[in-house]
Amino acid sequence: MTVQTHPRPSGINWRLVGWGGAAALLALPFVAMQFTTEVNWTASDFVVMGLLIGTIGLGLEFLLRKASNTTYRLAAAITLGTAFLTIWVNLAVGMIGSEDNPYNLLFVGVLFVALIGAILTRFSSSGMARTTVVAAAIQLAVGAFGYAVDPRGAVFSMLFALPWLLAAALYRSAGDIGK
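Numbering (UniProt numbering), first residue to last: 1 to 179.
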């Protein structure tokens, strides 16, 4: 009897799909600019967004290669997706008030804590679970303090704690990678 220890490759090049999707995401504003004047990106907008998408993509590649655990991989994708959306929303329209409101710079602190926590815990599942809970708490606090400035934006920004908490639950259930 032959026991298959490795599943058959699906034939799908997921790396190509991921980077192709990233390129398509970056191309969307260019295509939209051909049809409407409401989308008006400059070259620097494309550079900044390209760097952001590239950085998130490289981070995802690093974490996907590091982990064989599917639950950890999903948690990592949610973590990086939340970081991406936090930056993107703040650059595009701002979470609290407009994108020019200096209050929005406080959300950089959430991302900074998440990055430092990930590095200090060496991306371990238990460390990432704690880190994303702390990121969620800071996200909630920043949103709550912004309520006086922009109540609707504050509630919107506090909703961003939910994916941080989802990632924390997934990291917790994933167990430590490489152990």
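Each residue gets a CB set at the ideal place from its N, CA and C atoms; glycine is no exception.
- Of the residues assessed, Q139 falls on the buried side of the cut-off, its CB having 16 or more other CB atoms within 10 angstroms.
- Per DSSP, Y103 lies in no alpha helix (DSSP H) segment and is marked neither H nor E.
- About 18 angstroms separates the beta carbons of A144 and T82, which is beyond the 8 angstroms limit, so they are not a contact pair.
- In this structure, S125 sits near N69, with a CB-CB distance shorter than 9 angstroms.
- Linking A67 to F35 through their CA atoms gives a straight-line distance of about 42 angstroms.
- Excluding residues up to 5 positions away in sequence, G127, M128, R130 and T131 lie with their Cβ nearer than 8 angstroms to the Cβ of T121 in the same chain.
- For N90, the secondary structure class from DSSP, reduced to helix, strand or coil, is helix.
- Under a 10 Å Cβ-count criterion, T37 is classified as exposed, with fewer than 16 other Cβ atoms of the shown protein chains found around its own Cβ.
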